[in-house]
């Protein structure tokens, strides 16, 4: 509204209560949407964090289970092999001293290579060694088995030089090799060939 009195113009603004309530309702809806969106985003972030934590815990349990199985396998394999080898050396001392000496040297080489591995395997989770160090355990191991099985066992190791530095779980190849011989080749009268290959 405008009223003129001389040079003074007086303006009066009339607001309807309906306009104010409408603006208030729009602001309330916008505010609610922002609060709801923020809350939903927070819930989603918390759910993702909980899922990630649960997944990490499951992976840690799997790793512990694998390590426990490896430790159990090592505990079963090592004494069995060691006692058999010592018995073979004892027998060869009387019948073939030269072969007994060679077998003893291979046993010493095997123990030198595997003792640090056993200590590392019992230490922190996730220990790995390179494949070359694992083969330092396997080569004398196979030589000892060749003396025990004589011409019934032929062996071949085919590992490219480029893979010798590849990370590998400690003491994993030896039980596989021993099982292959014990359950695969040793029972056969003619024996056979064992190949260890990496690709």
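In this note's numbering, the protein residues as written are 7 to 205.
C-beta: ideal position from N, C-alpha, C; glycine also.
The structure displayed is predicted, hence computed values, not measured ones.
query: Using the three-state DSSP reduction, which class does residue 134 fall into: helix, strand or coil?; result: coil
query: Evaluate residue 147 with the Cβ neighbour count: other Cβ atoms within 10 Å of its Cβ, from every protein chain shown; 16 or more gives buried, anything less gives exposed.; result: buried
query: Considering only C-alpha positions, which residue in the set 189, 69, 145 is nearest to residue 163?; result: 145
query: Which of the three DSSP states, helix, strand or coil, is assigned to residue 94?; result: helix
query: Considering residue 182, what are the terminal residues of the alpha helix (DSSP H) in which it resides?; result: 179-186
query: Counting only the same chain and skipping the five closest in sequence on each side, list residues whose C-beta sits under 8 Å from that of residue 98.; result: 105, 106, 109, 153
query: Take residue 158 and list the residues in its own chain whose beta-carbon comes closer than 6 Å to its own, dropping the five residues that flank it on each side.; result: 197
query: Rounded C-beta distance between residue 183 and residue 165? I'm assuming under 8 Å.; result: Not quite, the Cβ-Cβ distance comes to about 13 Å (not below 8 Å), so this is no contact.
query: Give the DSSP-derived three-state secondary structure of residue 159 in the structure shown.; result: strand
query: With a threshold of 6 Å on Cβ separation, who are the neighbours of residue 95 within its own chain once the five nearest residues in sequence on each side are excluded?; result: 106, 109, 110
query: For the candidate residues 204, 46, 188, whose alpha-carbon lies nearest to that of residue 90?; result: 188
query: With a cut-off of 8 Å on the beta carbons, I'd call residue 160 and residue 142 a contact; round off their distance for me.; result: 21 Å between Cβ atoms; not a contact.
query: With a cut-off of 8 Å on the beta carbons, I'd call residue 137 and residue 204 a contact; round off their distance for me.; result: 6 Å
query: Just tell me which of 178, 139, 100 has its CA closest to the CA of residue 115.; result: 139
query: Under 8 Å by Cβ, that's how I've got residue 100 and residue 155 pegged, so tell me the actual separation to the nearest angstrom.; result: Not a contact, Cβ separation roughly 19 Å.
query: Using a 10 Å radius around the Cβ and a threshold of 16 neighbouring Cβ atoms, would you call residue 112 buried or exposed?; result: buried
query: Mind checking whether residue 87 and residue 135 have CB atoms under 9 Å apart?; result: no
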